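Participant:
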Amino acid sequence: GQQLNQSPQSMFIQEGEDVSMNCTSSSIFNTWLWYKQDPGEGPVLLIALYKAGELTSNGRLTAQFGITRKDSFLNISASIPSDVGIYFCAGQLSGTSGSRLTFGEGTQLTVNP
Amino acid sequence: DAGITQSPRHKVTETGTPVTLRCHQTENHRYMYWYRQDPGHGLRLIHYSYGVKDTDKGEVSDGYSVSRSKTEDFLLTLESATSSQTSVYFCAISEYTGTSGPLDTQYFGPGTRLTVL
Chain U
1 GQQLNQSPQS MFIQEGEDVS MNCTSSSIFN TWLWYKQDPG EGPVLLIALY
51 KAGELTSNGR LTAQFGITRK DSFLNISASI PSDVGIYFCA GQLSGTSGSR
101 LTFGEGTQLT VNP
Chain B
114 DAGITQSPRH KVTETGTPVT LRCHQTENHR YMYWYRQDPG HGLRLIHYSY
164 GVKDTDKGEV SDGYSVSRSK TEDFLLTLES ATSSQTSVYF CAISEYTGTS
214 GPLDTQYFGP GTRLTVL
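Heads up: the protein sequence lines correspond to chains U and B, in order. In terms of our numbering, the first sequence has 42 at position 42, counting the first letter as 1, and numbering is strictly consecutive. In terms of our numbering, the second sequence has 126 at position 13, counting the first letter as 1, and numbering is strictly consecutive.
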């Protein structure tokens, strides 16, 4: 099946630093999604990208849908302690059978105050 | 937050016993999904539903069955639980529109942690 390569697997940063993570795929998607998961909770949608080349911001978060439709990145600026969690990318293909998501394995972010 | 609840939130059971997990939504979305999350594997699709009584398999469907008798409820059943089914299970919903867009995006419930001893 399709696989997404998400990197890095983990990051340890100081509060105030910027963060960058990315996902690449061997297949194309028509939507890229970035989710954050806190311990004991379900993934929460952060940013959705629906068009190749699209650059979207949500507060301190910025994400881009790669022009080849096979990759995406997420940047977090000026990190704060509440940014701690696991960040997942997901590529989505929409069709008559609903939207099928393929997830990356996640980036564990630790922010030191 | 999307109106999705899962029950129970935690369950411990023994090998060989049947287990049913429930997902309930208040959004009236057409599509519902069951995923499992395991270390090193991320989230993987078990089964999904595209309408009442309409379901299909995902990538890790062996050992699981589903049912959807009402739009708002999607049940996941482990007929005879095994230790390999110890996992965290997430339900998700979306409203498919046929094109990539906000209504086609999946939103997740809070999860059920299942332990099979």
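We put the beta carbon where it would ideally sit given N, CA and C, even for glycine. Values in this document were obtained by computation on a predicted structure and should not be read as measured data.
1. With H, G and I counted as helix, E and B as strand and the rest as coil, what does DSSP make of Gln37 (chain U)?
2. Can you tell me the Cα-Cα spacing of Gly176 (chain B) and Val201 (chain B), whole angstroms?
3. Under 9 Å, Cβ to Cβ, is there at least one residue of chain B near Gly40 (chain U)?
4. Determine which residues of the segment 206-227 of chain B have a Cβ less than 9 Å from any Cβ of chain U, and write them out in chain order.
5. If you reduce the DSSP assignment to three classes, tell me which class Gln9 (chain U) lands in.
6. Check whether the Cβ atoms of Arg149 (chain B) and Gln198 (chain B) lie closer than 9 Å to each other.
7. I need the DSSP call for Ser213 (chain B), collapsed to helix, strand or coil.
8. Could you check the C-alpha separation between Val19 (chain U) and Ser77 (chain U) for me, to the nearest Å?
9. By a C-beta neighbour count over all protein chains shown, 10 Å radius and 16 as the cutoff for buried, is Leu191 (chain B) buried or exposed?
10. Mind checking which residues open and close the beta strand (DSSP E) that includes Asp186 (chain B)?
11. Please confirm if Gly153 (chain B) has its CB atom under 9 Å from at least one CB of chain U.
12. Could you name the residues of the segment 27-53 of chain U whose beta carbon sits closer than 7 Å to any beta carbon of chain B, in the order they occur along the chain?
13. Are the C-beta of Ile159 (chain B) and some C-beta of chain U separated by less than 9 Å?
14. Tell me whether the beta-carbon of Ser193 (chain B) lies closer than 9 Å to the beta-carbon of Pro131 (chain B).
15. Would you kindly work out how many angstroms separate the C-alpha atoms of Ser182 (chain B) and Arg122 (chain B), rounded to a whole number?
16. Could you check whether the Cβ of Tyr177 (chain B) sits closer than 9 Å to any Cβ belonging to chain U?
Facilitator: Once the coordinates are examined:
1. Under the three-state reduction of DSSP output, Gln37 (chain U) falls in the strand class.
2. About 15 Å.
3. True, the Cβ-Cβ gap to chain B drops below 9 Å.
4. Here the close residues are Ser207, Tyr209, Thr210, Gly211, Thr212, Ser213, Gly214, Pro215, Asp217, Thr218, Gln219, Tyr220, Phe221, Gly222, Pro223, Gly224, Arg226.
5. When secondary structure is reduced to three states using DSSP, Gln9 (chain U) falls in the coil class, being assigned neither helix nor strand.
6. Inclusion of Arg149 (chain B) and Gln198 (chain B) in the CB contact set at 9 Å is warranted, their separation being smaller than that value.
7. The answer is coil: DSSP assigns Ser213 (chain B) none of H, G, I, E or B.
8. Cα-Cα distance, rounded: 6 Å.
9. Buried, by the Cβ-count rule.
10. Following the DSSP letters along the chain, one finds Asp186 (chain B) inside the beta strand (DSSP E) bounded by residues 186-191.
11. Interface flag for Gly153 (chain B) against chain U is set, since a Cβ pair is found closer than 9 Å.
12. Taking 7 Å as the cut-off between beta carbons, the residues of the segment 27-53 of chain U near chain B are Asn30, Thr31, Leu33, Glu41, Gly42, Pro43, Leu45, Ala48, Tyr50, in sequence order.
13. It does not; no Cβ of chain U falls within 9 Å.
14. Closer than 9 Å, so yes.
15. Separation of Ser182 (chain B) and Arg122 (chain B) (C-alpha to C-alpha, rounded to the nearest whole angstrom) is 22 Å.
16. For Tyr177 (chain B), no CB of chain U lies under 9 Å from its own CB, so it is not counted at the interface with that chain.
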